[in-house]
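Visitor:
There are 2 protein chains.
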Amino acid sequence: MDCSVTPLRHGGLSLVQTTDFFYPLVEDPYMMGRIACANVLSDLYAMGITECDNMLMLLSVSQRMSEKERERVMPLMVRGFRDAAEEGGTSVTGGQTVINPWIIIGGVATVVCQPNDFIMPDNAVPGDVLVLTKPLGTQVAVNAHQWLDMPDKWNKIKLVVSKEEVEMAYQEAMFNMAMLNRTAAGLMHTFNAHAATDITGFGILGHAQNLARRQHNEVAFVIHNLPIIAKMAAVSKACGVLFGLLQGTSAETSGGLLICLPREQAARFCAEIKSPRYGEGHQAWIIGIVEKGNRSARIIDKPRIIEVAPRGAACSQDSNTNPSPEIQPPLS
Amino acid sequence: MDCSVTPLRHGGLSLVQTTDFFYPLVEDPYMMGRIACANVLSDLYAMGITECDNMLMLLSVSQRMSEKERERVMPLMVRGFRDAAEEGGTSVTGGQTVINPWIIIGGVATVVCQPNDFIMPDNAVPGDVLVLTKPLGTQVAVNAHQWLDMPDKWNKIKLVVSKEEVEMAYQEAMFNMAMLNRTAAGLMHTFNAHAATDITGFGILGHAQNLARRQHNEVAFVIHNLPIIAKMAAVSKACGVLFGLLQGTSAETSGGLLICLPREQAARFCAEIKSPRYGEGHQAWIIGIVEKGNRSARIIDKPRIIEVAPRGAACSQDSNTNPSPEIQPPLS
Numbered sequence: 001m002d003c004s005v006t007p008l009r010h011g012g013l014s015l016v017q018t019t020d021f022f023y024p025l026v027e028d029p030y031m032m033g034r035i036a037c038a039n040v041l042s043d044l045y046a047m048g049i050t051e052c053d054n055m056l057m058l059l060s061v062s063q064r065m066s067e068k069e070r071e072r073v074m075p076l077m078v079r080g081f082r083d084a085a086e087e088g089g090t091s092v093t094g095g096q097t098v099i100n101p102w103i104i105i106g107g108v109a110t111v112v113c114q115p116n117d118f119i120m121p122d123n124a125v126p127g128d129v130l131v132l133t134k135p136l137g138t139q140v141a142v143n144a145h146q147w148l149d150m151p152d153k154w155n156k157i158k159l160v161v162s163k164e165e166v167e168m169a170y171q172e173a174m175f176n177m178a179m180l181n182r183t184a185a186g187l188m189h190t191f192n193a194h195a196a197t198d199i200t201g202f203g204i205l206g207h208a209q210n211l212a213r214r215q216h217n218e219v220a221f222v223i224h225n226l227p228i229i230a231k232m233a234a235v236s237k238a239c240g241v242l243f244g245l246l247q248g249t250s251a252e253t254s255g256g257l258l259i260c261l262p263r264e265q266a267a268r269f270c271a272e273i274k275s276p277r278y279g280e281g282h283q284a285w286i287i288g289i290v291e292k293g294n295r296s297a298r299i300i301d302k303p304r305i306i307e308v309a310p311r312g313a314a315c316s317q318d319s320n321t322n323p324s325p326e327i328q329p330p331l332s
Numbered sequence: 001m002d003c004s005v006t007p008l009r010h011g012g013l014s015l016v017q018t019t020d021f022f023y024p025l026v027e028d029p030y031m032m033g034r035i036a037c038a039n040v041l042s043d044l045y046a047m048g049i050t051e052c053d054n055m056l057m058l059l060s061v062s063q064r065m066s067e068k069e070r071e072r073v074m075p076l077m078v079r080g081f082r083d084a085a086e087e088g089g090t091s092v093t094g095g096q097t098v099i100n101p102w103i104i105i106g107g108v109a110t111v112v113c114q115p116n117d118f119i120m121p122d123n124a125v126p127g128d129v130l131v132l133t134k135p136l137g138t139q140v141a142v143n144a145h146q147w148l149d150m151p152d153k154w155n156k157i158k159l160v161v162s163k164e165e166v167e168m169a170y171q172e173a174m175f176n177m178a179m180l181n182r183t184a185a186g187l188m189h190t191f192n193a194h195a196a197t198d199i200t201g202f203g204i205l206g207h208a209q210n211l212a213r214r215q216h217n218e219v220a221f222v223i224h225n226l227p228i229i230a231k232m233a234a235v236s237k238a239c240g241v242l243f244g245l246l247q248g249t250s251a252e253t254s255g256g257l258l259i260c261l262p263r264e265q266a267a268r269f270c271a272e273i274k275s276p277r278y279g280e281g282h283q284a285w286i287i288g289i290v291e292k293g294n295r296s297a298r299i300i301d302k303p304r305i306i307e308v309a310p311r312g313a314a315c316s317q318d319s320n321t322n323p324s325p326e327i328q329p330p331l332s
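Chains as they are written, first to last, in UniProt numbering: chain S, 1 to 332; chain U, 1 to 332.
#1: If contact means a Cβ-Cβ distance below 9 Å, which residues of the region 197-220 of chain U contact chain S?
#2: Whose Cβ in chain U lies nearer than 9 Å to the Cβ of F22 (chain S)?
#3: Assuming contact is defined by CB atoms lying nearer than 8 Å, are A230 (chain S) and A173 (chain S) in contact in what I supplied?
#4: How about the region 51-68 of chain U and the region 98-110 of chain U: do they share at least three Cβ pairs that are nearer than 8 Å?
#5: Tell me the rounded alpha-carbon separation between G11 (chain U) and L25 (chain U).
#6: Which residues in the same chain have their Cβ closer than 8 Å to the Cβ of H216 (chain S), if we skip the five residues on either side of it in sequence?
#7: Applying the 10 Å Cβ sphere with the 16-neighbour rule, what's the burial state of S66 (chain U)?
#8: What span of residues does the alpha helix (DSSP H) with Q139 (chain U) cover, start to end?
#9: The region 45-65 of chain U: which residues have C-beta closer than 8 Å to a C-beta of chain S, in chain order?
#10: Between the C-alpha atoms of R263 (chain U) and F269 (chain U), what's the straight-line distance to the nearest angstrom?
#11: Contact check, A212 (chain S) vs F221 (chain S) under 8 Å by CB: the rounded distance?
#12: Please report the distance separating the alpha-carbon of A266 (chain S) from that of H189 (chain U).
#13: Starting from residue 387 (chain S) and walking both ways along the beta strand (DSSP E), at which residues does that stretch end?
#14: Determine, using beta-carbon pairs with one atom in the region 18-34 of chain S and one in the region 154-167 of chain S, whether at least three such pairs fall under 8 Å.
#15: Quick one: is A271 (chain S) buried, meaning 16 or more other Cβ sit within 10 Å of its Cβ, or exposed?
#16: So what does D20 (chain U) bridge to, in DSSP terms?
#17: Starting from T6 (chain S), follow the alpha helix (DSSP H) in both directions and report where the run begins and ends.
#18: Would L15 (chain U) count as contacting chain S if we go by Cβ distances under 8 Å?
#19: What whole-angstrom Cβ distance do K288 (chain U) and I223 (chain U) have, given they're in contact under 8 Å?
#20: So T93 (chain U) and S42 (chain S) are supposed to be a Cβ contact under 8 Å. How far apart are they, rounded?
#21: When you compare the CB of L8 (chain S) with every CB in chain U, is at least one pair closer than 8 Å?
#22: Is the separation between the beta-carbon of T50 (chain U) and that of A234 (chain U) shorter than 8 Å?
#23: Reducing DSSP to helix, strand and coil, say where T197 (chain S) ends up.
#24: Can you grab the Cα-Cα spacing for the pair A297 (chain U) / F191 (chain S), in whole Å?
#25: Could you check whether the Cβ of S275 (chain U) sits closer than 8 Å to any Cβ belonging to chain S?
#26: Among residues of its own chain, excluding the 5 on either side of D117 (chain S), which ones have a beta-carbon nearer than 7 Å to its beta-carbon?
#27: Starting from R304 (chain U), follow the beta strand (DSSP E) in both directions and report where the run begins and ends.
#28: For the alpha helix (DSSP H) that S236 (chain S) lies in, which residues bound it at each end?
#29: Give me the chain S residues within the contact set of P101 (chain U), using Cβ-Cβ distance strictly less than 8 Å, ordered along the chain.
#30: Quick one: Cα of S14 (chain S) to Cα of N54 (chain S), how far?
#31: Which residues, in chain order, does the region 284-318 of chain S contribute to contact with chain U at a C-beta distance below 9 Å?
#32: Could you give the distance in angstroms between the alpha-carbon of T133 (chain U) and the alpha-carbon of Y30 (chain U)?
#33: Determine, using beta carbons only, whether G11 (chain U) comes closer than 8 Å to chain S.
#34: By a C-beta neighbour count over all protein chains shown, 10 Å radius and 16 as the cutoff for buried, is M179 (chain U) buried or exposed?
#35: How would you list, in chain order, the residues of chain S whose beta-carbon sits under 8 Å from the beta-carbon of V108 (chain U)?
#36: Using a beta-carbon distance cut-off of less than 7 Å, what residues from the region 108-136 of chain S approach chain U?
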């Protein structure tokens, strides 16, 4: 499961917790802080939990940064993390900071809640449909953006994408990664979601398989449509087997929720999430169906690629602050 | 404070949480796991909390380890962490593992409790005395032990300590770091403790100062006695200003609790903690007094050094497993 759920000794309450930490993948420290926080909270949101009682921050400062870089970069990252926590209706009350070769940012999210506050991710039934709340392709966009300054790499993809398109895709990826899945978590209750998970390191297919495996009923998930940040499908294809975006195995960071919804509710979910009352930028797509099966998940041959057009540059507090790229871990 | 305390929306309950992660400092991976867990839980124990509802583990595997080293070392470390959690009456239900240049081990400890389950560390009064529940000198012992194989360093201390004494001190340090402060936490309630903290990176003086600063009453802490692992005072002195053990500034890992107790209760606390009903190895010393003052702490000139004799080798699951020493971060 995305969270650990521990029954408490007190009045039917449960402790729901999650932790996540990783390394910077965008150049803007403020946005990186927001992304890290959105990524931690996303595990709660995947269980339909909209409130978080407390956050702790996990941080390491790189020993390879100069004093000046530290003073410039780290407070922005912490600020981004705290701002996203506040947007999630919670706050950061503690944590731990160490020195390390690489920068680390992450956190712990904890909530004490009643049984009806969360949706156990195991009740999908045949006839449900699958909804995804953010486009795929964040890792492809982040890497393509790094390649703008690496001619060897850039040459591999320059025939299928322009520099401007890569810039737009990168901004779109950053915006999506920094967006909280909180609205989607709330709508899971409104529209009677049967199960959900969030899309991160294992890609859409890996997480769909994990979710399918956990179901009470004998179901299988079949994915027909892949909403992908514009041009990133072409970039992934041009790179051969490196990403596997069209195969559903490309890692995402702070991806959307994959939600099993009753068929009649799914379209209403997708319409509702775009409502201005939830702020800008929310989208959702019906991407597949739940049928009878052996608790597996697959993508059909030749899925429909939905090219998700950028909605403009993401908000950024200080887009000119670039920490040294060499302190980022290499793409594995 | 050692923990974050968050009032919950449910029936007067509070969420108490702490997180800690750091780098290996002993060669035995199993004991390192135990130490990391004891170190995380210690922050709860410092607030007189004896139960923990849930733990998460934070782990990184070093990219410089071979596959064989990983397979040999990491499961032992995880096992040590889990065993210590079990000894603390709790269990590890989740966490996060990443790849990093250095090994990281740490965790998150969380409990939901009622107001009388914890002791806010701010009620010291003049006339209280200070009790310490583990001897000091863990960092000195760990470093002296590393120097056994570094002739340049060893030459600095060989006139004041023998190799056997360093081995004994290292075992004693390891045993103490791996010991839970849980018994002490329970006895804080029995003997009406007024405040406490645990001794870690800032040394006995640093943590005493932090604790003094937080007090409601105008008090000062005066430390007269320093219980120190045998021979480590001499080693620290021989190293000049490197450690500052006698000045109270030498870092400790997973140190003891520093507890303010009413004078008439302190001796009984120290007698009780040695009772066989709590298992082997617990000790405590009265090390100072609480007087009227400006919320500060100090060590008297020429404090009495209590040489704490080793009690024999610590239990170790596999003392022959040595991870490569170069993956440990350098002593700063």
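Virtual Cβ for every residue (Gly too), placed ideally from N, Cα, C.
Guide: Inspection of the coordinates gives the following:
#1: none
#2: The sequence position of residue 22 (chain S) within the first sequence is 22, counting from 1. Correct list: Q96 and V98.
#3: The residue you call residue 230 (chain S) lines up with position 230 of the first sequence. The residue you call residue 173 (chain S) lines up with position 173 of the first sequence. No, they are not a contact pair.
#4: yes
#5: Start at 1 with the first residue of the second sequence, and residue 11 (chain U) comes out as number 11. Start at 1 with the first residue of the second sequence, and residue 25 (chain U) comes out as number 25. Straight-line Cα distance between these residues: approximately 42 Å.
#6: For the purposes of this step, residue 216 (chain S) is identified with residue 216 of the first sequence, where counting begins at 1. Excluding positions up to five away in sequence, the list reads D122 and N123.
#7: One-based indexing of the second sequence puts residue 66 (chain U) at position 66. So S66 (chain U) ends up on the exposed side.
#8: Within the second sequence, the letter at position 139 stands for residue 139 (chain U). Its alpha helix (DSSP H) spans residues T138 to W147.
#9: D53, N54, L56 and L58
#10: Residue mapping note: residue 263 (chain U) aligns to position 263 of the second sequence, counting from 1. Residue mapping note: residue 269 (chain U) aligns to position 269 of the second sequence, counting from 1. Distance between the alpha carbons of R263 (chain U) and F269 (chain U): 10 Å.
#11: Reading the first sequence from its first residue, position 212 is the one you call residue 212 (chain S). Reading the first sequence from its first residue, position 221 is the one you call residue 221 (chain S). Contact holds; Cβ gap of about 5 Å.
#12: Within the first sequence, residue 266 (chain S) is the residue found at index 266, counting from 1. Within the second sequence, residue 189 (chain U) is the residue found at index 189, counting from 1. Going by the C-alpha atoms only, they are around 55 Å apart.
#13: Past the edges of chain S, shown from 1 to 332, lies residue 387 (chain S), and the structure says nothing about it.
#14: no
#15: To locate residue 271 (chain S), count along the first sequence from 1; it is residue 271. Classification for A271 (chain S): exposed.
#16: Locating residue 20 (chain U) in the second sequence gives position 20, where the first residue counts as 1. Answer is U:G107, bridged to D20 (chain U).
#17: Here residue 6 (chain S) refers to the residue found at position 6 of the first sequence. Element bounds for T6 (chain S): not the alpha helix (DSSP H) but the beta strand (DSSP E), S4 to P7.
#18: As a position in the second sequence, residue 15 (chain U) is number 15, starting the count at 1. Closer than 8 Å: yes.
#19: The residue labelled residue 288 (chain U) in the question sits at position 288 within the second sequence. The residue labelled residue 223 (chain U) in the question sits at position 223 within the second sequence. The displayed chain sequence assigns Gly, not Lys, to residue 288 (chain U). With 8 Å as the limit, G288 (chain U) and I223 (chain U) qualify as a contact, their Cβ atoms being about 4 Å apart.
#20: The count along the second sequence starts at 1 and reaches residue 93 (chain U) at position 93. The count along the first sequence starts at 1 and reaches residue 42 (chain S) at position 42. Not quite, the Cβ-Cβ distance comes to about 18 Å (not below 8 Å), so this is no contact.
#21: For the purposes of this step, residue 8 (chain S) is taken as the residue at position 8 of the first sequence. L8 (chain S) counts as touching chain U.
#22: Your numbering for residue 50 (chain U) matches position 50 in the second sequence. Your numbering for residue 234 (chain U) matches position 234 in the second sequence. No, they are not a contact pair.
#23: Here residue 197 (chain S) refers to the residue found at position 197 when the first sequence is read from its first residue. Reduced to three states, the DSSP call for T197 (chain S) is strand.
#24: Along the second sequence, one-based indexing puts residue 297 (chain U) at 297. Along the first sequence, one-based indexing puts residue 191 (chain S) at 191. Whole-angstrom Cα-Cα distance: 59 Å.
#25: As a first step, residue 275 (chain U) must be located in the second sequence, where it is residue number 275. It does not: the Cβ of S275 (chain U) has no partner Cβ on chain S nearer than 8 Å.
#26: In the first sequence, counting from the first residue as 1, residue 117 (chain S) sits at position 117. Excluding sequence neighbours, D117 (chain S) sits near I49.
#27: On the second sequence, residue 304 (chain U) is found 304 positions in, with the first residue counted as 1. S296 to V308 is the extent of the beta strand (DSSP E) around R304 (chain U).
#28: Locating residue 236 (chain S) in the first sequence gives position 236, counting from the first residue. Note, S236 (chain S): alpha helix (DSSP H), M232 to A238.
#29: Indexing the second sequence from 1 puts residue 101 (chain U) at position 101. In chain order: N100, P101 and W102.
#30: In the first sequence, the residue the question calls residue 14 (chain S) occupies position 14. In the first sequence, the residue the question calls residue 54 (chain S) occupies position 54. In a straight line, the C-alpha of S14 (chain S) is about 14 Å away from that of N54 (chain S).
#31: none
#32: For this step, residue 133 (chain U) is matched to residue 133 along the second sequence. For this step, residue 30 (chain U) is matched to residue 30 along the second sequence. Cα to Cα, T133 (chain U) sits roughly 23 Å from Y30 (chain U).
#33: Within the second sequence, numbered from 1, the residue matching residue 11 (chain U) stands at position 11. At least one chain S Cβ lies under 8 Å of G11 (chain U).
#34: Reading the second sequence from its first residue, position 179 is the one you call residue 179 (chain U). Buried, since its Cβ has 16 or more Cβ neighbours within 10 Å.
#35: Counting from 1 along the second sequence, the entry for residue 108 (chain U) is found at position 108. The answer, in chain order, is Q17, T19, L56 and V108.
#36: V108, T110 and V112
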